[in-house]
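Structure first, commentary second.
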Amino acid sequence: MSILIKNATIHPVTSKEFIGDLLIDNAKIVDCSHKIYAHADEIIDATGLYCYPGMIEEHCHIGVHGEKTNQASDNDTNEWSDPITAQVRALDGVKPFDPGFKEAIGAGVTTLNIYPGSANPMGGIGITLKNDLTVTYEKRIIKEESGFKMAMGENPKRAHSENGNKIITRMATAEKIRSAFRKALDYDKKEEKPYDMQCEAILKVLKGELQAHVHAHQADDIMTVLRIFDEFGIKPSFEHTTEGHLVADELAKRDIKCAVGPLFTARYKMEVNRRTLKTPGILEKAGVKDITLITDHPVIPINNLPIEAALACKNGLSKEEALRSITINPAINLGLDNRIGSLDIDKDADIIITDRELLDPTHRVLYTFVNGKIAYSMKEEGLII
Amino acid sequence: MILFKNGKCWYDGEFKKLDILVQDGRIKEIASGINPDETMELIDMDQKTIYPGFIDPHTHVGVFEEKAGGFAGNDVNETSSPATAGVRALDGLNPLDPGIMEARNAGYTTVCVLPGSANVIGGEGIVIKTTGTVVDEMVVKTPKKIVKMAFGRNPQWYWGGRKTLYTRLQVAAIVRDNLNKAKDYMNKDEKEYDYNMEVLSGLLKKESVARVHVANLEDIETIKRIMEEYDILYTLEHATALHTDKEVAESLKDVPVVLGPINVAGKSYQTYDLTFKSVQILNELGFKLSMMTDAPVIPLNFGVIQMWLIDKLRMNRKDILEMFTINPARVLGLEDEVGSLEKGKCADFAVANGDIFDVNTSIIDTYIAGVRVGGELK
């Protein structure tokens, strides 16, 4: 099935926008240029419309959270049973038809990275899905082990002081992480041993096979993570990075990947008190590369992803980086930039067509393509909002 | 007197280049070509867009404080009992809540602060202007007092967990029981003064309005039944599922509806039908809707995002702006005081450097009673 999108303002994201055509064939982008003369099974006249790569949400809990009822029986975000649950995988908790997936596709989000929650210092392994609701769950998976979720700060304290007195202070969170790393290293040295899923998962992190993504809001939590990871000779990526602007130079110097957001929550927690829309711009100016924005859906709704980018842009982030922060940068962050995140030839045909610019929050998504198929059409299904 | 000269004013449903003359905190005159004289301070509003100050009819700012770390600043639900009519948001309101400062910097000049929705009868709400350090000086007197109530799942969920009530049957029974007691109280000649009963008597005498938290359709119908039974003035707050049944909606056309917060995720039984489409559906049915942030659920400086998202429906922008200005003024009974740029009304302005529907527009100055009290950029 080939589709030719004609005469759109095309934002490849990795290069400057232009008015032109884009050809999809066999789930891939096969051409993207000023004028394409080719036969196609379907032609979409996109005159006056805008064309972007499908957005990528690097950090959400769609599917594991269980939004149909919000009841405990439906919630698989946090495995509260212990502070260290490195062995669990979001893969096994996703409800593939939770309402968030549909909201995401209607908003133009074509790839979702789903993490376990932040109750545990080591929470488990995330999963990356293509957001194509027309295929089975297994076929949506593009990275079965997308990242190793860890958490610092208030959440582990709250969760595990209320639940078994296993962590009371930040000191214990750090201790639990060190001990878990140490235990895995000791396990690795043993010749004969029973298979330990937890140690095996942690070893992947220590050997650089699986990237640790660490929930950290406050600057002191960020620095604690760097201290611990230095001890074990590995490099973290950060999630939320709410006070990243206070340690921007350190993050830039170490070339650390930062996912920032959600940018406009209520400040119920002390650790988000200093959140500011200026953080992404300050990080960019300090030299932090590949800044990623996240909604943490259902913390804020997934359709706010481009609004975060627009407000970050209004508050100092360059327009180029604002667009990258919801497309190619999360792809880089997840190690999937060879397949998704921009409108480059040979990449997966994950594309959105909008009626106004993506960074204008009043835009409507008219089409969402996933793997070259129309996964959402506003005309057919109505506005999803 | 202050003359705001040459602003692009949101006036009578459209933009007009007008001058606004302010005396003693009120609009003395709004017209084109008002000639300045030596008694007037002149403020040049050229290139600036003047909206009436925004109004949020349903917030918890000041009583559910941000940045306070939970318990210390949380005075929103008096959960010592499921019926606490006698308590007042006024007495728990901290004017120094940063949420109030951010509200005024974002152009919100009038907000109603209500007790929360854990209790069936939550207590009295209060309307304030968003500037000041002494709450009593911030209060705007409303023609009718405001009583917060909550039906359905919130009281059931909160008090069910504490083994006080279990079903929505009992939620309704608590309302009836309290109103019956208030009737008896009103009819007694000799009685001890009872704060709870006084507040409920106010409802029965139509000196107060019940502002009722409700989400589900079945709860909306229960409210209608009880309020009609006791002949009480009421509003529907949130009304999440009202759009799902046009017949029910039609039957409630005379009841003010305050929708929102809609820009939230994490569905539950109460929010399963949550969608911005409800705005369009109810608007087309003829409702004069108001929009809430429920701040701090959505902090007021991000209230404008809901305006942008409603705009995706491609409704008339006049209708949208009215949901943030004159319609909530009507809900509060303050339509002669605030909510539009009209002669005699308070000089409360949200001054922008462009169209509010443009993401790159900022509120550069907020005026309350003709005094600059904030703005995003300074």
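These protein sequence lines map, in sequence, to chains F and V. All residue numbers for the first sequence refer to the working numbering, where the first residue is 1 and numbers rise by one. All residue numbers for the second sequence refer to the working numbering, where the first residue is 1 and numbers rise by one. A virtual CB, placed ideally from N, CA and C, is assigned to each residue, including glycine.
Check                                                                                                            : Outcome
Own chain residues within Cβ distance below 6 Å of V/Gly354, not counting five before or after                   : Thr361
Separation of V/Tyr269 from V/Arg26, as counted between CA atoms                                                 : 45 Å
Any chain F beta carbon closer than 9 Å to V/Lys378                                                              : The pLDDT assigned to V/Lys378 is 47, lower than 50, so where the model puts this residue is not dependable, and the model offers no usable value.
Contact with chain F by V/Thr240, beta-carbon distance below 9 Å                                                 : no
N- and C-terminal bounds of the alpha helix (DSSP H) containing V/Cys346                                         : Where V/Cys346 is concerned, there is no enclosing alpha helix (DSSP H), given that its DSSP letter is neither H nor E.
Proximal chain F residues relative to V/Asn360, where beta-carbon distance stays under 7 Å                       : Lys314
Per-residue DSSP class, three states only, for V/Phe151                                                          : coil
Min CB distance F/Ala72 to chain V below 9 Å                                                                     : no
Exposure label - V/Gly36; buried when at least 16 CB within 10 Å                                                 : Here residue 36 of chain V turns out to be Pro, not Gly, going by the sequence shown. Exposed, by the Cβ-count rule.
Distance cut-off 8 Å: V/Ile43 Cβ against heavy atoms of the ligand FAD                                           : Summarising the ligand content, the structure contains no ligands, and the ligand FAD is consequently not present.
Identity of the residue in F/Leu4, F/Ala90 and F/Glu231 nearest F/Glu129 by Cα                                   : The sequence as given places Leu at residue 129 of chain F; Glu does not occur at that position. For F/Leu129, the nearest C-alpha among the options comes from F/Ala90.
Residue(s) in a DSSP beta bridge with V/Phe4                                                                     : V/Ile20 and V/Ile43
The stretch 360-369 of chain F in contact with the stretch 301-320 of chain F per 3-pair CB rule at 8 Å          : yes
For V/Tyr108, three-class secondary structure by DSSP                                                            : strand
Assumed close pair V/Ile100, V/Thr130 - CB separation to whole angstroms, cut-off 8 Å                            : 5 Å
Beta-carbon neighbours of F/Glu209, restricted to chain V and to distances below 9 Å                             : Correct list: empty, because the minimum Cβ distance to chain V is about 33 Å.
Buried or exposed (CB count within 10 angstroms, at least 16 for buried), V/Gln47                                : exposed
Run of the beta strand (DSSP E) containing V/Thr59, from where it starts to where it stops                       : Phe54 to Thr59
Under the three-state DSSP convention, the category F/Trp419 falls into                                          : An answer regarding residue 419 of chain F cannot be provided, because it is not within the stretch 1 to 385 covered by chain F.
Same chain, Cβ closer than 8 Å to V/Phe15, five either side skipped, listed in chain order                       : Lys8, Cys9 and Thr49
9 Å Cβ cutoff met for F/Glu17 and F/Ile24                                                                        : no
Boundaries of the alpha helix (DSSP H) in which V/Val297 is found, first to last residue                         : Counting along the chain, V/Val297 falls outside any alpha helix (DSSP H), and DSSP gives it neither H nor E.
Proximal residues of chain F, C-beta to C-beta of V/Lys312 below 7 Å                                             : Thr362, Arg364, Leu383 and Ile385
Beta-ladder partner(s) of V/Thr133, from DSSP                                                                    : According to DSSP, V/Thr133 bridges with nothing at all.
CB of F/Lys176 within 9 Å of CB of F/Pro96, strictly                                                             : no
Reduced DSSP category for F/Glu223 - H, G, I as helix; E, B as strand; rest coil                                 : First, the amino acid is wrong: residue 223 of chain F is Met here, not Glu. Reduced to three states, the DSSP call for F/Met223 is helix.
V/Met323 and V/Leu236 closer than 9 Å at C-beta                                                                  : no
Sequence-distant residues of the same chain with beta carbon closer than 8 Å to V/Ile326, five excluded per side : Pro52, Glu335, Gly339 and Ser340
Environment of V/Tyr166 [buried if 16+ CB atoms lie within 10 Å]                                                 : exposed
CB contact below 9 Å: F/Glu380 versus chain V                                                                    : no
Contacts of V/Phe276 in chain F (Cβ-Cβ under 9 Å)                                                                : Leu383 and Ile385
Cβ shell of V/Tyr158 (< 7 Å), same chain only, five flanking positions each side left out                        : Thr79 and Ala118
Environment of V/Tyr193 [buried if 16+ CB atoms lie within 10 Å]                                                 : exposed
Anticipated Cβ contact below 8 Å, F/Val88 with F/Thr77, distance rounded                                         : 11 Å between Cβ atoms; not a contact.
C-beta atoms of F/Asn113 and F/Cys60 nearer than 9 Å                                                             : yes
Distance between F/Met1 and F/Thr354 (C-alpha atoms, nearest Å)                                                  : 22 Å
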